[in-house]
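Asker:
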Amino acid sequence: MATATYPPPPPYYRLYKNYSDDPDSCPAPPPPIGGPYFLYGASYTTDDVLPGLEEQGVRQLYPKGDIDFKKELRSLNRELQLNILELADVLVERPSQYARRVEDISLIFKNVYHLLNSLRPHQARATLIHILELQIQRRKQAVEDIKRYVTFVKISSGLGMCLFKDKVFARYRFSLLLAALKLILREEKKHKGFSQRRLELSMDNEDKLIGFMMKYSESL
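In this text, residue positions in the sequence shown follow our numbering: the first is 923, and each later residue adds one.
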């Protein structure tokens, strides 16, 4: 059967010209393809399963059944290095016999790729776990930031209340709140992930705030 490398689009696309105006006038899309199919001269399958090497006509170099991936990959890597060295010798001594070594190297690479593709589900699961752990860490960090800011606001509001109390009580309460505020700002600077820009802003605001409070304390 003759096939074109780049065939034209199927003619039934004309049936959908009026889809935007009247969607019901167009036929429903065909059902999904099941099983194997041919595309550009190559056979593909819709089954989401990694086919075995023998199914693809490739000789399997590692044992079947339960596989120790680390052991087999190391073994194939050593065998690959040996074949590359032998290929170099063949190219020097018997250049006409290099094709056999190239085939052996290609076979080893196919086995290595198949082993690596077998690990893709494990890689996807580990990546998903890592992403979820990062999300949990960020949310915990956000909760801690909110708690620190709430404490800062409470202390700031307490400092404001000092303006409306008697002077003797205000001095005592003011000194306690000032010490607590300094401690919070110091811990904020040491906090992990605190950017340099935020640190500069915090230090600048702290100096202004403490300077204002010290002047107010002297006036009590």
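Backbone N, C-alpha and C fix where the C-beta goes; we use that ideal spot for every residue, glycine too.
(1) Taking only three categories from DSSP, how would you classify Pro958?
(2) Assuming Lys1041 contacts Leu983 under a Cβ cut-off of 8 angstroms, what Cβ separation, rounded to an integer in Å, is found between them?
(3) Looking at C-alpha atoms only, which residue of Arg1060, Pro930 and Pro951 is the closest neighbour of Leu937?
(4) Could you give the residue range of the alpha helix (DSSP H) that holds Ile1020?
(5) Which term fits Arg981, buried or exposed, when burial requires 16 or more other beta carbons within 10 angstroms of its beta carbon?
(6) What distance in whole Å lies between the Cβ atoms of Leu1037 and Glu994, which are believed to be in contact at a cut-off of 8 angstroms?
(7) Report all residues from its chain with a CB closer than 6 angstroms to the CB of Pro958; omit the five preceding and five following residues, and keep chain order.
(8) Please determine, among Leu961, Leu1050, Lys986 and Pro1017, the residue with the shortest C-alpha to C-alpha distance to Asn1033.
(9) Could you check if His940 is buried or exposed, using at least 16 other CB atoms within 10 Å of its CB as the buried criterion?
(10) By the three-class DSSP mapping on this structure, what secondary structure does Tyr966 have?
(11) Would you mind working out which of Asp1011, Asn1005 and Val1014 sits nearest Val1024, comparing C-alpha positions?
Answerer: Straight from the coordinates:
(1) strand
(2) The amino acid occupying residue 1041 in the given sequence is Leu; Lys does not appear at that position. Leu983 and Leu1041 do not touch by the CB rule: their CB atoms are close to 17 angstroms apart, not below 8 angstroms.
(3) Pro951
(4) In the sequence on display, residue 1020 carries Tyr and not Ile. From DSSP, the alpha helix (DSSP H) with Tyr1020 extends over Tyr1020 to Ser1040.
(5) exposed
(6) So it is a contact: roughly 6 angstroms between Cβ atoms.
(7) Residues of the same chain with a CB within less than 6 angstroms of the CB of Pro958, apart from the 5 flanking positions on each side, are Ser965 and Thr967 in chain order.
(8) It is Lys986.
(9) For clarity, residue 940 is Asn in the given sequence; the question names His instead. Asn940 is exposed by the Cβ-count criterion.
(10) strand
(11) Asn1005
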